[in-house]
Amino acid sequence: MTVTRLCILGCGGFIGSHLLDRLLSEAGFEVIGIDTASTKIKCHLTSPGFSFVPLDIENSAAVRPFIQRCDMVVSLAALCNPSLYNTIPVRVIENNFSQPRAVVAMCSEYKKRLVHFSTCEVYGRTISGYAGRPSGGAIERFNEDCSPFVLGPIGAQRWTYACAKQLLERLIYAYGFERGLEFTIIRPFNFIGPRMDFIPGIDGEGVPRVIACFMEALLFQKPLKLVDGGKNRRTFTAIEDAINAIMAIIKKPDKAKGQVFNIGNPANETTIAGLAHRMRDIYQQLNPKSAGRTIDIVNVTSEEFYGQGYEDSDRRVPDISKAADLLGWKPAIDLDEALCSTMRSYIEDYGKFAAETKQQ
Ligand code: NAD
Ligand code: UDP
Numbered sequence: 003m004t005v006t007r008l009c010i011l012g013c014g015g016f017i018g019s020h021l022l023d024r025l026l027s028e029a030g031f032e033v034i035g036i037d038t039a040s041t042k043i044k045c046h047l048t049s050p051g052f053s054f055v056p057l058d059i060e061n062s063a064a065v066r067p068f069i070q071r072c073d074m075v076v077s078l079a080a081l082c083n084p085s086l087y088n089t090i091p092v093r094v095i096e097n098n099f100s101q102p103r104a105v106v107a108m109c110s111e112y113k114k115r116l117v118h119f120s121t122c123e124v125y126g127r128t129i130s131g132y133a134g135r136p137s138g139g140a141i142e143r144f145n146e147d148c149s150p151f152v153l154g155p156i157g158a159q160r161w162t163y164a165c166a167k168q169l170l171e172r173l174i175y176a177y178g179f180e181r182g183l184e185f186t187i188i189r190p191f192n193f194i195g196p197r198m199d200f201i202p203g204i205d206g207e208g209v210p211r212v213i214a215c216f217m218e219a220l221l222f223q224k225p226l227k228l229v230d231g232g233k234n235r236r237t238f239t240a241i242e243d244a245i246n247a248i249m250a251i252i253k254k255p256d257k258a259k260g261q262v263f264n265i266g267n268p269a270n271e272t273t274i275a276g277l278a279h280r281m282r283d284i285y286q287q288l289n290p291k292s293a294g295r296t297i298d299i300v301n302v303t304s305e306e307f308y309g310q311g312y313e314d315s316d317r318r319v320p321d322i323s324k325a326a327d328l329l330g331w332k333p334a335i336d337l338d339e340a341l342c343s344t345m346r347s348y349i350e351d352y353g354k355f356a357a358e359t360k361q362q
């Protein structure tokens, strides 16, 4: 199988915008991009080889002809911001399960390869963080084909997203098993890079993911907030490394067929408290004028920060041996390098707003 015509759902978001950059810089791809938003892909709206369709995928009848026209559907569209999981859980479940469910059925009907973006959150929390046991025990690398999924109780609505994504994975697998759907499932581990999320009050409202929260604090000289002390850990993955993996999946569809891949960088693990200190140091290096002005790092409870029903993954480190063996992929960018390039781009994009605020 050779893939030349792609339909990307959710092409206007963080990962979609970087995937478009790469696909459109290489010859030989025709891309139809569907999203309700296009600000992050403005530069591509008139690019040869790209057609943008402003559409909500809830309208599956309108999406159908675009799926019919392509070789591969890359399904990125989602509400994937943890602050939403326990505040608008119904929409989170609809958006991450009910809506993409129709996409799965259409890919099966028209025999199109589906590359679906799931999440490392399907693993939930580690066994060491289960039932109140302290986190930070022996490292358990999550393996796509062996690790159990440990989610919290239903009252802890944090897990609505993980559970919806997990059920969709099972549905995709079932379509493969019963009806011959060809698929690949990707579980991203905290990709970071330029154009991730938004800065509240400038180009979005609400609480973004942690990198944008900390950047807002640094740019506007507010305290960085550590939820429940920032003891939980994440492994952050540079978007360039992640796009290399996605391109390998697009270019080696036979190797990727029927597989679930962890895409992450196990070497880039840090506690969130460690991340806050690193980002504050890097910000001072990138912005020598800010040296001498110490920005505080403070603790907040998860209930104060996210509201009731929030729980956290304590630790998630990927086993990436399958992606190495089948795709020949390995991440190469370390955490400091990934943070530096991400933070530099936030400073370029938002620095002028921070400067204006200071003058007022
Ligand atoms: P993002 O929020 O930046 O992008 C998602 C895009 O989907 C947005 O542009 C949004 O407008 C669009 N969208 C949402 N609902 C839609 C709908 N009904 N119709 C049309 N467009 C819709 O998110 P991202 O970081 O680019 O993530 C992309 C995918 O990867 C998601 O499925 C997410 O769950 C998964 N993922 C990402 C990460 C990560 O580290 N970025 C981690 C785990 C999982
Ligand atoms: N977090 C934090 N301060 C913030 C934002 C997030 O301590 O201002 C924590 C959050 O509780 C979680 C981690 O940072 O432990 C990563 O959160 P993010 O929203 O980026 O996504 P997640 O990895 O949980 O999906």
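Going by our numbering, the sequence shown opens with residue 3, and the numbers climb by one from there.
Beta carbons are placed, not taken as given, at the ideal position from N, Cα and C, and that holds for glycine.
A quick note: this is a predicted structure, and the numbers were derived from the prediction, not measured.
{"query": "Report yes if the CB atom of I335 is closer than 8 Å to the CB atom of E207, and no otherwise.", "result": "no"}
{"query": "Could you tell me if D316 is buried or exposed, where buried requires 16 or more neighbouring beta carbons within 10 angstroms of its beta carbon?", "result": "buried"}
{"query": "So is the beta-carbon of A39 under 7 Å away from any non-hydrogen atom of the ligand NAD?", "result": "yes"}
{"query": "Residues in the same chain with beta-carbon distance under 7 Å from T303, minus the five sequence neighbours each way, listed in chain order, please.", "result": "D230"}
{"query": "Compute every distance between the C-beta of N192 and the non-hydrogen atoms of the ligand NAD, then say whether any falls below 7 Å.", "result": "yes"}
{"query": "I'd like the span of the beta strand (DSSP E) that includes K227, first residue to last.", "result": "L226 to V229"}
{"query": "Return the chain-ordered ranges of every alpha helix (DSSP H) run that is complete within the region 184-228 and spans a minimum of 4 residues.", "result": "212-221"}
{"query": "Determine the burial state of F185: buried for a count of at least 16 other Cβ atoms within 10 Å of its Cβ, exposed for fewer.", "result": "buried"}
{"query": "Following the continuous beta strand (DSSP E) through N289, name the residue where it begins and the one where it ends.", "result": "No beta strand (DSSP E) holds N289; DSSP gives it neither H nor E."}
{"query": "Looking only at C-alpha atoms, which of H46, I213 and I36 sits nearest to C13?", "result": "I36"}
{"query": "According to DSSP, G126 sits in a beta bridge with which residue or residues?", "result": "V152"}
{"query": "Enumerate in chain order the residues of its own chain whose CB-to-CB distance from R346 is below 8 Å, with the five nearest sequence positions on each side excluded.", "result": "L288"}
{"query": "Is it true that the CB of P210 sits closer than 8 Å to the CB of N83?", "result": "yes"}
{"query": "Could you spell out where the beta strand (DSSP E) holding I34 opens and where it closes?", "result": "E32 to D37"}
{"query": "Quick one: which unbroken beta strand (DSSP E) runs of 3-plus residues sit fully inside the region 50-125? Chain order, please.", "result": "52-56, 74-77 and 115-119"}
{"query": "My output table needs one value for R236: the three-state DSSP class, helix, strand or coil.", "result": "strand"}
{"query": "Taking the beta carbon of S19 as the centre, do at least 16 other beta carbons fall within 10 Å, making it buried, or is it exposed?", "result": "buried"}
{"query": "Provide the residue(s) that pair with L8 in DSSP beta bridges, ordered along the chain.", "result": "V33 and M74"}
{"query": "From which residue to which residue does the beta strand (DSSP E) around I265 run?", "result": "Q261 to I265"}
{"query": "Could you tell me whether the region 185-194 touches the region 261-268, where touching means 3 or more Cβ pairs closer than 8 Å?", "result": "yes"}
{"query": "Check each candidate in K42, N301, T41 and E96 and name the one with the smallest Cα separation from L228.", "result": "N301"}
{"query": "Give me the Cβ distance between A325 and W331, rounded to the nearest whole Å; I'm assuming they're in contact under 8 Å.", "result": "5 Å"}
{"query": "Please determine, among G232, L221 and L329, the residue with the shortest C-alpha to C-alpha distance to T359.", "result": "L221"}
{"query": "Using a Cβ-Cβ cutoff of less than 8 Å, which residues in the same chain neighbour M74 once the five nearest sequence positions on both sides are dropped?", "result": "V5, R7, L8, C9, K114, R115, L116, V117, I252 and P255"}
{"query": "Would you kindly work out how many angstroms separate the C-alpha atoms of Q70 and W161, rounded to a whole number?", "result": "33 Å"}
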